[in-house]
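*Asks:* After the C-alpha cells below, expect a handful of questions from me.
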Amino acid sequence: MQNNVVIAGYVRSPFHFAQKGDLARVRPDEMIAQVVRGLVEKTGVNTADIEDLILGCAFPEGEQGFNMARIVTFLAKLPVSVAGTTVNRFCGSSMQSIHMAAGAIQMNAGDAFICAGVESMSRVPMGGYNPMPHPGLAADYEQAYMSMGVTAENLADKYDISRLRQEELTVISHQRASDARQSGRLTNEIIPIVNGDIIISSDGCIREGTSAAALADLKPVFRTDGSVTAATSSPLTDGASATLVTSEEYAKANGLPILARIKSIAVVGCEPEIMGIGPVNATKKALSRAGLSLGDIDIIELNEAFAAQALSCVDELDIDMEKTNIDGGALALGHPLGATGARITGKAASLLKREGKQFALASQCIGGGQGIATILEAV
Amino acid sequence: MIIQTSALQGMEIKRVAVIGSGVMGAQIAAHFANTGVPTLLLDIVPKGAEDRNVLASGAIAKMLKGSPKAFVHNAAAKRVTPGNLENDFDQLSEVDWIVEAIIEDPDIKSDLYKRIDSVRKDTTIVSSNTSTIPLSRLVQGLSDSFRQHFLVTHFFNPPRYMRLLELVVGPDTKPEVLSIVEKFSDHRLGKGVVHCHDRPGFVANRIGIFWMQSGYAAALASDITIEEADAVMSRPVGIPKTGMFGLFDLIGIDLHPKIDASMASLLPAEDAYHQQRCDLSLINQLIEKGYTGRKGKGGFYRLNRSGGGKVMEAKNLKTGKYAPVQKVDLESLKAAKTAGLSGLLNHPDRGGQFAWRVLSNTLAYAASLVPEVADDIVAIDRSMTFGYAWNAGPFALIDQIGVANFVAKMKAEGRTVSDFLNLAAKVGSFYRTVDGNLQYLDIKGDYQNIPREDGVLLLEDIKRKSDPIISNQSASLWDIGDGVTCFEVHTKVNALDMKVMDLINQSIDVVSKDYKAMVIYNEASNFSVGADINAFVELIEQKNWQAAEKMVAKGQSTYLAMKRSPFPVVAAPSGMALGGGCETVLYANAIQAHVESYLGLVEAGVGLIPGWGGCTAMLERYASNKKRPNGPMPIVTAAFETISTAKVSGSAFDAKDIGFLRPDDGITFNRDRLLADAKARALALSDNYESPEAAEITLPGPTGQAILTAAVRDFKARGLATEYDVVVCDALADMLSGGQAADVMAPLTEEDLLALELKNFVGLMKKQGTLDRIQHMLKTGKPLRN
Chain W
0 MQNNVVIAGY VRSPFHFAQK GDLARVRPDE MIAQVVRGLV EKTGVNTADI EDLILGCAFP
60 EGEQGFNMAR IVTFLAKLPV SVAGTTVNRF CGSSMQSIHM AAGAIQMNAG DAFICAGVES
120 MSRVPMGGYN PMPHPGLAAD YEQAYMSMGV TAENLADKYD ISRLRQEELT VISHQRASDA
180 RQSGRLTNEI IPIVNGDIII SSDGCIREGT SAAALADLKP VFRTDGSVTA ATSSPLTDGA
240 SATLVTSEEY AKANGLPILA RIKSIAVVGC EPEIMGIGPV NATKKALSRA GLSLGDIDII
300 ELNEAFAAQA LSCVDELDID MEKTNIDGGA LALGHPLGAT GARITGKAAS LLKREGKQFA
360 LASQCIGGGQ GIATILEAV
Chain X
0 MIIQTSALQG MEIKRVAVIG SGVMGAQIAA HFANTGVPTL LLDIVPKGAE DRNVLASGAI
60 AKMLKGSPKA FVHNAAAKRV TPGNLENDFD QLSEVDWIVE AIIEDPDIKS DLYKRIDSVR
120 KDTTIVSSNT STIPLSRLVQ GLSDSFRQHF LVTHFFNPPR YMRLLELVVG PDTKPEVLSI
180 VEKFSDHRLG KGVVHCHDRP GFVANRIGIF WMQSGYAAAL ASDITIEEAD AVMSRPVGIP
240 KTGMFGLFDL IGIDLHPKID ASMASLLPAE DAYHQQRCDL SLINQLIEKG YTGRKGKGGF
300 YRLNRSGGGK VMEAKNLKTG KYAPVQKVDL ESLKAAKTAG LSGLLNHPDR GGQFAWRVLS
360 NTLAYAASLV PEVADDIVAI DRSMTFGYAW NAGPFALIDQ IGVANFVAKM KAEGRTVSDF
420 LNLAAKVGSF YRTVDGNLQY LDIKGDYQNI PREDGVLLLE DIKRKSDPII SNQSASLWDI
480 GDGVTCFEVH TKVNALDMKV MDLINQSIDV VSKDYKAMVI YNEASNFSVG ADINAFVELI
540 EQKNWQAAEK MVAKGQSTYL AMKRSPFPVV AAPSGMALGG GCETVLYANA IQAHVESYLG
600 LVEAGVGLIP GWGGCTAMLE RYASNKKRPN GPMPIVTAAF ETISTAKVSG SAFDAKDIGF
660 LRPDDGITFN RDRLLADAKA RALALSDNYE SPEAAEITLP GPTGQAILTA AVRDFKARGL
720 ATEYDVVVCD ALADMLSGGQ AADVMAPLTE EDLLALELKN FVGLMKKQGT LDRIQHMLKT
780 GKPLRN
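Below is the structure:
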C-alpha cells in the first residue's frame with residue numbers, strides 16, 4: 000500500500016436505553032458534537048488538518064437530518080474548512096465512514112478524518128417518521144423490509160441456536176461489560192455528555208448480576224413459538240462514537256497516539272431474511288484480502304445485534320469466544336445503530352494496543368442483508 | 000356607612016391539600032387534580048420509613064395501576080404532590096382548601112385540626128370527609144376562625160365516579176365558605192351536592208345502612224337464598240345489579256359490624272334502626288376466615304378456583320357453606336316483569352315477601368327522616384340516586400308503588416304510619432307535574448317547584464314543558480331556547496337506526512330554516528352504543544348486499560350533510576359513544592364532552608371497519624392536528640392504531656389524547672351542566688358561522704399499505720393478532736393509506752375517502768368471518784377471536 004491508514008483515537012458517549020434512559024433528552028447532533036470535541040481534545044489533532052467529518056447514521060432525518068455531519072462541524076467548533084458528510088449503511092454506517100476515510104487517504108485525498116456515528120433511537124424512531132417502502136417490492140420480496148427480530152428467529156431456526164445458548168451469551172456479555180465497567184476499563188473511552196446541569200458519564204444498559212435463571216422467564220417477543228426475547232436482543236439505545244483516522248505518516252509526524260493500522264476491509268450482501276449472517280462472508284473476504292486466517296486473529300469485536308445472530312456467525316466461522324467481545328458486546332452495552340461501527344472498530348484497535356496483540360477483527364451485520372468487516376494490525 | 004367586605008369574597012380554590020392517603024383521601028386528591036388543581040397529599044411518616052412520603056407516594060402509584068381509574072388522565076397524577084405530616088406541614092399555609100380524610104377517631108382528628116389551625120391562612124377552608132362523626136363533636140375546642148371555615152364534605156367511593164357529595168355545615172360556618180365549596184364541587188368536581196343536617200350517617204348512609212341491615216336480617220329470618228335476595232333487591236327495584244349481598248362484598252364485609260355498632264350508639268333509642276339489628280355471627284365468622292369481600296378471599300360470593308376451574312359460589316345463610324351459584328327462578332320476578340314494582344311487592348312467594356319487608360321498612364324509614372336529616376324529600380332522593388346509584392330514590396319509589404297502596408298495605412299489617420306518609424297518601428303523591436313543572440311535597444303538605452341550580456339545563460325539564468319540533472319513533476328534535484335545538488336519540492340503548500338518519504336529515508332542513516344551531520345530546524346513561532346491528536345482520540344473513548350497502552351509504556351521506564350544514568352542530572356525549580355513536584360525535588362541528596365519555600370506533604370487534612365515515616374523520620383529525628409529526632405516514636399509522644385496536648377512551652381527556660376530541664373541544668365535569676355548556680358553545684359558533692369546506696388529505700397509497708400489512712403480519716407472528724384480524728386489518732390498511740391509486744402528489748377529497756371506506760366496509764361485510772364475529776357478539780356479548 001502506498002499510504003498506510005491508522006486509527007489514532009477512539010471515544011464514545013455513554014450508551015443508554017432509548018426512551019427511558021439518561022440520554023433520551025439529548026439531541027443526537029449535540030451528543031455527537033460533544034463526542035467529536037472530546038476526540039479532538041484527547042488526541043490533540045490539529046483541527047485545521049482535518050479533511051472531512053464522515054458521520055454514520057441509520058435514520059438521518061428529523062434531528063438527524065440536514066446533513067448532520069456538516070451541522071456537527073459547526074457545533075463541535077471545527078474550522079469552517081472541515082467538510083462534513085453523513086453516510087448510511089444502517090448498522091454498518093460508522094464502520095463504513097472509517098472505510099471511506101481509508102479509501103480517501105489511499106487516494107492522497109486527505110491526511111486526517113474524523114469517522115464517527117450517532118443514533119438517538121429515542122428521538123428518531125427506527126424506520127423513521129414516514130416509512131414508505133416500495134409497494135411492489137414489499138409485495139414480491141417482503142424480506143427486503145423484514146423486521147430485524149424476525150431475521151434473528153430465522154437464524155435461530157436455520158442454525159439451530161437454542162434459547163439456552165442465547166441466554167448464556169447474554170449473561171456472558173453482561174458479566175464482561177459489568178467487570179470492564181467496575182474495573183474502570185471503559186472509563187477511558189467515554190466522553191461524558193453534558194445536558195444543561197446534568198452530566199451523563201457512565202453506561203446505562205449494562206445489568207449487573209444478570210443470571211440465566213432470570214432470563215428464562217421472559218416471553219419471546221417476535222414470534223409466539225420463537226426463542227428470541229427482549230434480553231437476547233440488543234436494546235434500543237441512544238449513543239455516539241468517534242474515531243480519528245489518519246495516514247500513518249501524518250500520525251507519526253504529529254505524534255498522535257496510534258492504536259492500530261487498518262489491514263483490510265470488506266462489505267458483502269446476503270439474503271435479507273437472514274441478514275445477521277452477514278459478518279461470515281464479510282470476514283472471509285477481509286481475511287483473504289489481508290492474507291490471514293481466523294486463527295491469526297487475536298482480538299474480535301463481533302456485534303451482538305441478537306444473541307441468535309451472533310452465535311450463528313460464531314458457529315459458521317468457528318470463532319473463539321474467549322477472544323471475542325472481551326469487554327462485553329451490544330447485548331449488554333447497547334446498539335445505537337449509527338454509532339456501533341465506529342465503536343467496535345475503535346474498540347478493537349484500542350484492545351489490540353491494551354492487550355499487546357497483533358491482529359484484530361471488527362465485524363457486524365446490517366439490515367437488508369449485508370455484512371461489513373475490518374481487520375486491524377498492531378503498529 | 001361602612002361596607003364590610005369579606006376576605007373570602009371572590010376567593011378561588013387554586014391549591015388544595017388532602018390529609019390522609021387511604022383509599023378515600025388518595026382518590027379525593029386525584030379528583031381535585033383531575034380538575035386541574037395542584038393538590039398536596041399528606042400522610043404520616045411510618046416508623047423507620049426510608050422514604051418519608053412513602054404512604055402518599057405509594058397511594059399515587061397504586062391509583063395509576065388500579066381500576067376503576069381514579070385519574071382522568073395520567074398527566075393529572077403529576078398534579079398530586081406527595082408529602083408527609085412532619086416535613087411538609089407548613090405547606091398547608093399555601094392552600095385554599097384542606098380536606099381531612101384520616102382515621103375515624105374524633106380525638107386524632109381534633110389534634111390534627113389544632114395543628115392545622117396554627118399554620119392555615121385566615122381564609123383557608125377546612126373540611127372533613129368523616130362519614131360518622133358529628134360536626135359538632137369535630138369542632139369542639141377549636142378557634143372561632145376555624146369553626147367559621149369548617150364543614151363536612153362527605154364523598155362516596157369511588158369519588159371520581161360517584162356523583163354524591165354530602166355537605167354539612169355547623170352553626171358557625173360562614174355562608175361564603177359553604178358557597179365557595181359548593182360552587183367548586185358542583186362546577187369543577189362535577190358533584191351532585193346535597194345539603195345534609197348534622198345527623199349520624201348524614202343522609203345516604205343513614206338510609207343505605209338501614210336498607211342493608213334490614214335486608215340482612217330479613218334474609219336470615221326467611222328461606223330466601225342470597226342469589227334470590229340479590230335478584231329481587233336489584234334490577235326489579237331499580238337498584239344496581241350487585242344487589243345487597245353483592246354490595247356487602249364490594250364495600251368490604253369487615254366494615255359492617257363497626258358501622259352497625261357505631262350507628263346503634265349514635266342513634267336515639269326510639270330510632271327504627273335498632274329494630275333491624277340482628278345476630279351478626281355469620282358475618283363475624285366470615286371476617287375471621289378472611290372472607291372480607293372482593294378485597295379478601297371472597298365474601299357472600301366467592302370465585303372457587305380449586306380444581307383449575309372458576310366457579311362462582313354463594314354462601315348458604317342457613318348451613319354457612321358455599322355452593323355453586325344457582326339460577327334464580329321466582330314467580331315474583333316474573334310478576335315484576337309484567338306488573339312492575341307492585342307486581343313484585345304484592346307477590347306471595349318468598350321473593351315478593353322479602354322485597355316487601357325490606358323495601359317497606361326502608362321507604363317508611365326514609366319518610367320518617369324529613370326534616371331530621373335534610374330539609375326535603377328531593378335531597379333524600381338525590382342522595383340515594385347519586386350515592387347508591389338507585390334509579391329512583393325512596394320517595395319516587397313510593398310514588399311508583401302508589402302512596403295510598405303503600406300506606407294501606409302497611410296499615411293492614413298493623414304497622415304505624417308516619418304523619419308525613421299519611422299526608423302524602425291524602426294528597427296523592429310525593430311528586431307531581433303542574434304546567435310542565437316538576438314539584439315535590441314539602442313537610443307541611445304543600446307542593447314546591449324543584450329548584451335547579453343556576454345554569455343547569457336539563458332536557459328532561461324541556462320535555463316536560465314542550466312538544467318536540469319534529470319527532471319519530473327513534474329520535475326527536477327539541478327547541479332548547481335562544482335559537483338552539485337539541486337532537487335526541489331515544490331508541491333502546493340509543494342504538495342508531497335508519498329512522499334516526501331520517502330525522503337528522505329532516506332536522507337539517509328545519510334548523511337551516513328556523514334555528515341557529517343544533518346540539519346532539521340525550522340523558523340516557525350512554526350517548527349511544529352504536530348502529531342498530533340487528534337490522535343490519537338480517538340483511539347480511541339474507542345476502543341482501545344492496546340493501547346493506549344502502550344502509551351504510553345513507554349513514555355516510557347523512558353525517559356529511561350534517562357536518563356541512565349551514566349551522567353549527569355540537570355533540571355533547573356522556574358515557575359510551577361507540578361505533579356509529581362515536582361517528583355521530585366525530586361528524587359534529589364541535590364537541591362538548593362530559594368528562595366521563597368513553598368514545599371508541601370498535602367495529603373491528605365484529606369484523607368490520609367504521610363505515611359511516613369514522614375512518615375518514617380520524618384521518619382528517621390526525622391530518623389537521625398541528626401537534627402531530629408531519630408527513631403522510633404518521634396520520635395513517637395513528638388512525639390505524641386507534642381503529643385496529645378498537646381503542647376506547649377512559650375519559651374525555653383521554654379521548655383528546657387519542658384524537659376523538661380536537662384540541663379546542665370542551666370538557667364538562669358536571670353531567671347536569673353538559674347541555675348548557677354545549678348550548679353556549681353552539682351559540683358562540685353560530686355567530687358568522689361558515690360551514691366547513693370539503694377536506695383534502697394527502698395519503699401515501701400502496702406504500703402505506705405495505706408498511707401496515709407487514710406490521711400486522713408481525714403482530715400475528717407475535718401472537719397479538721388472529722387470522723381474521725389480518726383480514727380486517729388489510730381492509731383497514733387499504734382504506735387508511737388512501738387505496739391503490741393514492742399518491743403523495745395527489746391529495747384525496749373527503750368524498751373519495753368516504754367511497755373507499757364504503758368499498759372496504761362492503762368487502763368485509765360479505766365475508767363469512769365477519770358474519771361469524773357479528774353472530775357471536777349478538778349471542779354472547781363477547782368478541783370472537785377467529
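Chains as they are written, first to last, in numbering that gives the first Met the number 0: chain W, 0 to 378; chain X, 0 to 785. Here a beta-carbon is modelled for each residue, glycine too, at the ideal position from N, C-alpha and C.
1) For residue 284 of chain X, which option in X/101, X/276, X/316 has the closest C-alpha, if you only look at C-alpha atoms?
2) Can you look up residue 323 of chain X in the DSSP assignment and give me helix, strand or coil?
3) How many angstroms separate the CA atom of residue 388 of chain X from the CA atom of residue 242 of chain X?
4) From this set, X/293, X/182, X/82, X/47, which residue's C-alpha is nearest residue 28 of chain X's C-alpha?
5) Pair every Cβ in the segment 131-147 of chain W with every Cβ in the segment 270-283 of chain W, then say whether three or more of these pairs are closer than 8 Å.
6) So, with DSSP's three-state summary, where would you put residue 0 of chain W?
7) At a Cβ threshold of 8 Å, is residue 665 of chain X touching chain W?
8) Looking only at its own chain, which residues have a Cβ that is under 7 Å from the Cβ of residue 298 of chain W, when we skip the five neighbours before and after it?
9) Could you tell me which uninterrupted alpha helix (DSSP H) segments, each at least 4 residues in length, are contained entirely in the segment 440-501 of chain X, listed from first to last along the chain?
10) Do the segment 664-679 of chain X and the segment 736-746 of chain X touch if we need at least three Cβ pairs shorter than 8 Å?
11) Please give me, in chain order, every unbroken run of the alpha helix (DSSP H) with length at least 4 that falls completely inside the segment 286-337 of chain X.
12) Would you mind telling me which residues of chain X sit closer than 7 Å to residue 141 of chain W, beta carbon to beta carbon, in chain order?
13) Tell me which same chain residues have a C-beta within less than 8 Å of the C-beta of residue 76 of chain X, skipping the five on either side of it?
14) Can at least three beta-carbon pairs, one atom from the segment 2-14 of chain W and one from the segment 331-339 of chain W, be found at a separation below 8 Å?
15) Does residue 63 of chain W pass the burial test, meaning 16 or more other C-beta atoms within 10 Å, or should it be called exposed?
16) Tell me which residue opens and which closes the beta strand (DSSP E) that residue 242 of chain W is part of.
17) Give the interface partners of residue 146 of chain W over in chain X, defined as CB-CB distance under 7 Å, in chain order.
18) Could you tell me which chain X residues have their CB closer than 8 Å to the CB of residue 138 of chain W, listed as they occur along the chain?
19) Write down the C-beta distance between residue 304 of chain W and residue 90 of chain W rounded to the nearest angstrom, noting that I regard them as a contact closer than 8 Å.
20) Would you grab the beta carbon distance between residue 618 of chain X and residue 382 of chain X for me? Rounded to a whole angstrom, and I think it's under 8 Å.
21) Would you kindly report the start and end of the unbroken beta strand (DSSP E) that includes residue 312 of chain W?
22) When we look at the beta-carbon of residue 609 of chain X and count the other beta-carbons within 10 Å, is it buried (16 or more) or exposed?
23) Classify residue 517 of chain X as helix, strand or coil using the three-state DSSP reduction.
24) Pairing CB atoms from the segment 128-147 of chain W with CB atoms from the segment 234-251 of chain W, are three or more of them under 8 Å?
25) Does the beta carbon of residue 717 of chain X come closer than 8 Å to any beta carbon on chain W?
26) Along chain W, which residues have their Cβ under 8 Å away from the Cβ of residue 318 of chain X?
27) Which residues bound the alpha helix (DSSP H) around residue 544 of chain X?
28) So who's on the other strand from residue 98 of chain X, going by DSSP bridges?
29) Checking contacts by CB at 8 Å: is residue 220 of chain W closer than that to chain X?
30) Just checking, does the segment 324-337 of chain X make contact with the segment 228-241 of chain X on the three C-beta pairs under 8 Å criterion?
31) Apart from the five residues on each side of it in sequence, which residues of its chain come closer than 8 Å, Cβ to Cβ, to residue 612 of chain X?
32) Locate the beta strand (DSSP E) running through residue 81 of chain X, then write down its first and last residues.
33) Mind checking which residues open and close the alpha helix (DSSP H) that includes residue 762 of chain X?
34) Could you pull out every unbroken alpha helix (DSSP H) segment of at least 4 residues lying fully inside the segment 624-659 of chain X, listed in chain order?
35) I believe residue 284 of chain W touches residue 265 of chain W by the beta-carbon criterion, under 8 Å. Please report the beta-carbon distance rounded to the nearest angstrom.
36) Rounding to the nearest angstrom, what Cα-Cα distance links residue 135 of chain X and residue 142 of chain X in this structure?
*Replies:* Inspection of the coordinates gives the following:
1) X/316
2) strand
3) 11 Å
4) X/82
5) yes
6) In this prediction, residue 0 of chain W scores a pLDDT of 47, lower than 50, which makes its location untrustworthy; the coordinate-derived value is nonetheless stated afterwards. Looking at residue 0 of chain W - three-state DSSP - the assignment turns out to be coil, as it is neither helix nor strand.
7) no
8) 322, 347, 350, 351, 354, 356, 359
9) 458-464
10) no
11) none
12) 709
13) 29, 32, 59, 62, 63, 70
14) yes
15) buried
16) 236-246
17) 713
18) 705
19) 7 Å
20) Rounded, the Cβ-Cβ distance is 47 Å, inconsistent with contact.
21) Note, residue 312 of chain W: premise wrong, no beta strand (DSSP E); alpha helix (DSSP H) at 306-316.
22) buried
23) strand
24) no
25) yes
26) Ordered by position in chain W, no residue passes the 8 Å Cβ test against residue 318 of chain X, which lies about 43 Å from the chain.
27) 544-562
28) X/17, X/126
29) yes
30) yes
31) 554, 555, 558, 559, 582, 585, 586, 753, 756
32) 79-83
33) 749-764
34) 631-643, 651-657
35) 4 Å
36) 13 Å
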